[in-house]
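> My numbering puts the sequence shown at residues 43 to 378. Heads up, the beta-carbon is just placed ideally off N, CA and C, and yes, glycines get one too. A quick note: this is a predicted structure, and the numbers were derived from the prediction, not measured. One structure follows; several queries about it will come next.
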Amino acid sequence: MVKQKPFVLMAVGLTLATAISLTIGRYPIGIGDVWAFALASVGLHAMPPDRYDLLHNLIVEIRLPRVMAALLIGAALASSGAAFQAIFRNPLVSPGVLGVLGGASFGVALGMLISGNWVLVQSLAFAMALTAVSFGVVIANLLGRGSTIALVLGGIISGALFTAMLSIVKYTADPYNQLPAIVYWLMGSLGSVELHEVGYAAVPIVAGVVGLTMSGRALDALSMGDDEARSLGVPVTRVRYAVIATATLISALSVSLAGMIGWVGLVVPHFARLVVGPLNSVLLPLSAMIGAMFLLFADAIARMLTTAEIPIGIITELLGIPAFMLVLHRARRAWV
43 MVKQKPFVLM
53 AVGLTLATAI
63 SLTIGRYPIG
73 IGDVWAFALA
83 SVGLHAMPPD
93 RYDLLHNLIV
103 EIRLPRVMAA
113 LLIGAALASS
123 GAAFQAIFRN
133 PLVSPGVLGV
143 LGGASFGVAL
153 GMLISGNWVL
163 VQSLAFAMAL
173 TAVSFGVVIA
183 NLLGRGSTIA
193 LVLGGIISGA
203 LFTAMLSIVK
213 YTADPYNQLP
223 AIVYWLMGSL
233 GSVELHEVGY
243 AAVPIVAGVV
253 GLTMSGRALD
263 ALSMGDDEAR
273 SLGVPVTRVR
283 YAVIATATLI
293 SALSVSLAGM
303 IGWVGLVVPH
313 FARLVVGPLN
323 SVLLPLSAMI
333 GAMFLLFADA
343 IARMLTTAEI
353 PIGIITELLG
363 IPAFMLVLHR
373 ARRAWV
């Protein structure tokens with residue numbers, strides 16, 4: 043019951059935060075309006091057609107896509123960050139450790155250079171993120187047969203390569219149209235996410251988060267060392283690469299949806315670890331829930347702080363840095 047209490051509280055908090063997020067925007071509406079629209083949508087409440095059309099446009103077409111995207115991306119980045127920290131046994135690891143962010147950034151910039159088609163941009167972001175991680179894994183196998191240290195080194199080399207390629211694309215881009223679009227995307231934004239894009243990404247992201255959660259016991263065994271894990275019957279290499287592949291997949295999907303959103307995968311697992319301890323079987327799902335809540339909060343600030351929407355990547359950095367400094371000492375003790 044003690045372990046279940048944080049999940050119950052977080053589930054209630056997420057439900058309330060989601061409802062409140064649907065009321066935030068240039069045209070203010072109340073929780074009662076959201077509830078009335080939900081009832082009217084299923085035929086349980088009568089509402090004038092013009093009022094229904096207005097609320098449908100505000101809630102479903104404008105606000106719901108970004109709220110759902112914030113929930114999915116926050117959960118994906120936080121759970122993948124917790125998984126990477128468990129795999130590498132390092133509390134300072136984030137989803138970008140294997141070059142995911144560098145590869146996705148290069149893919150987006152290349153897509154914007156080739157064409158303004160957003161489907162192509164997102165596809166290249168996803169493809170190049172996976173390519174960057176695959177390249178890092180190949181280097182790791184060449185350096186040290188896929189050991190943890192070799193994977194980190196491979197990720198550093200891969201990230202540096204794709205960052206350099208990004209610089210080449212930015213140098214050749216049109217400085218009046220393409221370059222500003224690339225720079226803005228690199229800051230991260232939920233403003234351009236559409237509902238059908240969220241629908242396509244929702245199934246693999248949710249499946250990935252569930253898969254990482256189910257690997258919690260194996261990750262707990264890996265935290266004791268490879269030899270101890272093998273003695274407990276855990277297929278170390280298979281588990282390591284399966285977790286890396288799953289965390290990479292959902293991280294790449296997140297980046298392709300909304301751009302570069304930093305600090306979620308680094309900071310959120312530390313908060314979750316302070317609440318439930320280091321056991322990954324409970325840490326991973328709670329990290330996903332806190333990550334979703336954190337990104338909802340950041341998106342609300344991005345929409346409300348000024349009349350012009352601030353890129354959410356800037357907000358997460360401004361929130362993440364002091365939050366990380368605040369929990370750093372306690373998180374280090376909780377990790378041990």
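1) According to DSSP, simplified to helix, strand and coil, what is W305?
2) Among A88, Q46, S122 and M335, which has the Cα closest to the Cα of S296?
3) Whole-angstrom Cβ separation of S329 and A53, contact assumed at under 8 Å?
4) Can you tell me whether D341 is buried or exposed? The criterion is at least 16 other CB atoms within 10 Å of its CB, across all chains shown.
5) Sorted by chain position, which residues of the same chain lie with C-beta nearer than 7 Å to L232's C-beta, five sequence neighbours on each side aside?
6) Quick one: give me the first and last residue of the alpha helix (DSSP H) that I156 is part of.
7) Since F336 and G116 are thought to touch, with beta carbons under 8 Å apart, how far apart are those beta carbons, to the nearest angstrom?
8) Considering only the beta carbon of each residue, do I292 and V310 sit closer than 8 Å?
9) What residue does the alpha helix (DSSP H) around E270 start on, and which one ends it?
10) Could I get the ranges of all uninterrupted alpha helix (DSSP H) runs contained in the region 173-214, with 4 residues as the minimum, in chain order?
11) V142 to P90, Cα distance in whole Å?
12) Short of 6 Å in beta carbon distance, which residues of its chain neighbour V281, apart from the five on each side in sequence? Order them along the chain.
13) Counting only runs of 4+ residues fully inside the region 70-118, write out the alpha helix (DSSP H) ranges in chain order.
14) Please state whether the Cβ-Cβ distance between V306 and A120 is less than 8 Å.
15) Using a Cβ-Cβ cut-off of 6 Å (strictly less than) and excluding sequence neighbours within five positions of L134, which residues of its own chain qualify?
16) When burial is assigned at 16 or more other CB atoms within 10 Å of the CB, is P277 buried or exposed?
17) With C-beta atoms as the reference, is G149 less than 8 Å away from G178?
18) For A287, tell me which candidate among A249, N219 and L195 has the shortest Cα-Cα distance.
19) Can you tell me whether L295 is helix, strand or coil according to DSSP?
20) Tell me which residues share the same chain as S323 and place their Cβ nearer than 7 Å to its Cβ, disregarding the 5 neighbours each side in the sequence.
21) Between which two residues does the alpha helix (DSSP H) containing T255 stretch?
22) Spatial neighbours of A182 within its chain, please: C-beta separation below 6 Å, excluding the five flanking residues on both sides.
23) With 16 as the cutoff for other CB atoms within 10 Å, does S136 come out buried or exposed?
24) Going along the chain, which residues of its own chain have a beta-carbon closer than 7 Å to the beta-carbon of I352, five neighbours each way excluded?
25) Taking the C-alpha atoms as reference points, what is the distance between M43 and I356?
26) Put M367 into one of helix, strand or coil per three-state DSSP.
27) Given this structure, state the Cα-to-Cα distance separating I62 from A350, to the nearest angstrom.
28) Counting C-beta neighbours from all protein chains within 10 Å, is the total for G158 16 or more, i.e. buried, or is it exposed?
29) If you drop the 5 nearest sequence neighbours on each side, which residues of the same chain put their C-beta closer than 8 Å to that of A244?
30) Name the two residues that bound the continuous alpha helix (DSSP H) containing I332.
31) Please report the straight-line C-alpha distance between V139 and M266, rounded to a whole angstrom.
32) For S122, does the three-state DSSP call read helix, strand or coil?
33) Give the secondary structure of S165 by DSSP, where H, G and I count as helix, E and B as strand, and everything else as coil.
Once the coordinates are examined:
1) coil
2) S122
3) About 14 Å separates the two Cβ atoms, so there is no contact after all.
4) buried
5) R108, A111, A112, A300, D341 and I354
6) V142 to I156
7) 6 Å
8) no
9) D268 to S273
10) 190-214
11) 48 Å
12) A260
13) 73-83 and 91-97
14) yes
15) none
16) exposed
17) no
18) A249
19) helix
20) G258, R259 and D262
21) L237 to M256
22) G188, A192, L193 and G196
23) buried
24) A344
25) For M43, the pLDDT reaches just 48, beneath the cut-off of 50, and the residue's location in the model is therefore unreliable, although a value from the coordinates is still provided. The alpha-carbon atoms of M43 and I356 are separated by roughly 38 Å.
26) helix
27) 20 Å
28) exposed
29) M110 and L114
30) N322 to M346
31) 21 Å
32) helix
33) helix
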